[in-house]
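What follows is a single structure, written as structure tokens, with notes after it.
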Amino acid sequence: MLYPCMASLVFITGPIAGRRYRLTDGDHLIGRRADCQIFVPDMRVSRQHARLTKRGEGWTLEDLGSNNGTFVNGVRVEHAAVVDLEDEITIANSRIRVEASEPPAPSAGEAVTLVEVGTASLIKSRIDADETRPFAAAHDDAIDPREVVLLERKLDALSQVLHATASSDTVEALLHKIAEALLELFPQADDVGVLVDDERTGDLRVRCQRHRATAAAVTGELRVPSTIIQHVISDGRGVLLGDRRHGDESAGLRMGAPLTYHGAHYGVVYVESHAVGFRQDDVDLLQAIATQAGLALHAAKIATELARREQLERDLRVARQIQRSLLPARAPAILGLDFAVHYEPAYEIGGDFYDFIWHDPTHLGIAIGDVAGKAISAALYMARVTSELRSRAAIARTPARLLRRVNRAIAELGDDGMFATLAYCIYDLEHRSLVFTNAGHCTPLLRRRGQVFPLHADRAHAPPLGVTPELDADEASIQLLPGDVLVLVSDGILEARNARGEEYGIARLAERIRTTPGPARAIVDAILSDVDHHAQAQRDDMTIVAMAIEERRARRESEAALS
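Using the working numbering, read the sequence shown as starting at 1325 and increasing by one per residue.
Next up, the structure:
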């Protein structure tokens, strides 16, 4: 059962996470009205939300008709509920734990807790004004001059931390400003340091340190007692390491406080003196500084992250422009042929690519491919593949020979896990024939006289580029006829999924091509419209290349031959 002088409410989450309220005699109202003993600044909390009431040696909790309810250990409070140590109260966004308060220090007038640690005592900072009663005039006739001095020092510290925040444009600069402020605010201090969590390992590291000019030179990293680190992190408040060797347990030469903001831990501030000791007021002041510095550090990290994201977005926009410049600006204009292209990366930049490459004046290469991976790495790999295709097309007169040479070149890069699928066709303008090979890419489709056929041949199928140094690639050919339409797509089209997880698939693609009349552009638009209707969202790059053999030119050529 709870004992009122031995228990506290500790806010674990919510807008005042970290706050501790000691349960004393009398009722305790919880709410967002200013006169509540436990004030919670949350609009989901009612003005007078709940009440803790002493019942004999224990406490009961009742809900005061709140809108969102009060819960003890996950159970909604319908009537007065008994609460005990280690119980958890939930009110809106706040989780509140009932903890045993540490016994008071021997001097009844001081809120100082002494914990034996080896040969030293540990003095903890008083958490907030509600516990420390900074204005004794609220209960007594006179104001303690020490409290006035402490308040003035806190205001000066707040001013300096705010100035440090305003004048620092990076986290590193802010940490150095905080260290400089610590030296100024604690005249007895000889060494100060700011420890922050290492982003890679999560360990605390001394990020910056300052030493008073009159102090003895310090070499190497500032040494912070592990006792201070352990208790600062576990208790979430400032501590002063007392010095029993000099006969004064209420003073010490080393103290630290946590850099936190709304439950997020960023590090520890540490202050050390070589001769003049710190006392309770000093650790209270250090806690106040650390609280403001934690807020400033949080804001600086957010600003740094926003700046990093903005820079990344700018870089991605530039990379997208560069990538688009590597792709053809437009499809070739060839009498008797009708081209249409759609290219849409899922992100700023993608791994899909397509190209039109002239091997000679009568042979046009048509390529479509997809690089494994996303973003910048895929874009760079794509640039290398397209560069190799273009540079070797003049000397490699067949698709299979071209792919073998490109594969050998990119396999030498040795990029682990990187590869590219590629379908490559060479169209002979004079004889209207198509030679093709496929390195692991989606099968091209050919529409002829109301039917759709896959351009697939075992001998013209090879593994993706970059998997092995030697590519076993061959090719196949087909004679194209007037009215034929060739359609090449990337897997972003075929693998587009609906809400049930069903892929768009090659069968539906073939049916859309079969039933769509008109030029190449009409077919591409019909495919995109059908994919949009099927899929929830675009999760992969989408590329379509369509080539149609016009029937009108064929008739003109036939008439010219007869005449």
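Even for Gly, the Cβ is constructed at its ideal location relative to N, Cα and C.
Counting only runs that start and end inside the region 1362-1404, the beta strand (DSSP E) elements of at least 3 residues fall at 1374-1379 and 1382-1387.
In the assembly as shown, T1839 is an exposed residue. Its beta-carbon has fewer than 16 other beta-carbons within 10 Å. The shortest CA-to-CA distance from Q1372 to any of I1354, G1380 and D1408 is the one to I1354. Considering only V1709, G1660 and I1658, the residue with the shortest C-alpha distance to Y1678 is V1709. Contact between A1670 and D1865 holds, since their C-beta atoms are separated by about 5 Å, short of 8 Å.
With a threshold of 16 other beta carbon atoms within 10 Å, I1613 meets it and is buried.
With respect to A1664, A1870 sits close: the two C-beta atoms are nearer than 7 Å.
If you check the CB distance, V1516 and L1507 come in under 7 Å. A direct Cα-Cα distance of roughly 20 Å separates E1754 from T1761. One alpha carbon belongs to V1791, the other to Q1533, and they sit about 52 Å apart. According to the DSSP secondary-structure assignment, H1589 is paired through a beta bridge with T1584.
Excluding residues up to 5 positions away in sequence, D1351, H1352, L1353, I1354, L1385, E1386 and L1388 lie with their Cβ nearer than 8 Å to the Cβ of R1375 in the same chain.
For P1652 and L1804, the gap between their C-alpha atoms comes out near 24 Å. Non-local C-beta neighbours of N1397 in its own chain, meaning closer than 8 Å and more than five positions away in sequence, comprise D1411 and E1412, ordered along the chain. V1759 sits close to E1799, with the two beta carbons spaced by under 7 Å. Under the three-pair Cβ rule at 8 Å, the region 1768-1780 counts as touching the region 1810-1827. Separation of A1581 and Q1512 (C-alpha to C-alpha, rounded to the nearest whole angstrom) is 17 Å.
The DSSP assignment places complete alpha helix (DSSP H) segments of no fewer than 4 residues inside the region 1645-1718 at 1699-1716, in order along the chain.
Taken through DSSP and simplified to helix, strand or coil, A1872 comes out as strand. Our two residues, A1575 and T1628, have alpha carbons roughly 39 Å apart in a direct line. At the C-beta level, D1796 and C1766 stay beyond 7 Å of one another. Buried is the label assigned to I1847, since at least 16 other Cβ atoms lie within 10 Å of its Cβ. Of the residues L1661, D1676, G1741 and Q1862, the one whose Cα lies closest to the Cα of R1845 is L1661. In this chain, the beta strand (DSSP E) harbouring I1413 covers E1412 to I1415. Assignment of alpha helix (DSSP H) within the region 1774-1855, counting only whole runs of 4 or more residues, yields 1815-1818 and 1829-1839 in chain order. When rounded, the separation of the alpha-carbon atoms in G1601 and D1359 is 39 Å.
Its Cα nearest to that of L1746, the residue G1689 stands out among G1587, R1721 and G1689. For D1559, the enclosing alpha helix (DSSP H) begins and ends at S1550 to D1559.
Between the C-alpha atoms of A1831 and T1494 there is a straight-line separation of about 56 Å.
Following the DSSP letters along the chain, one finds V1520 inside the beta strand (DSSP E) bounded by residues D1515 to D1521. Counting along the chain, the unbroken beta strand (DSSP E) around H1535 starts and ends at L1528 to H1535.
In this structure, A1424 lies away from D1366, with their beta-carbon atoms at least 7 Å apart. Taking C-beta separations shorter than 6 Å and ignoring five residues to either side along the sequence, the partners of L1564 in its chain run I1447, G1576, M1579, F1602 and V1607, following chain order. The shortest CA-to-CA distance from A1341 to any of R1419, A1786 and V1369 is the one to R1419.
Leaving aside the five residues that flank H1780 on each side, the residues in its chain whose CB is nearer than 7 Å to its CB run, in chain order, T1767.
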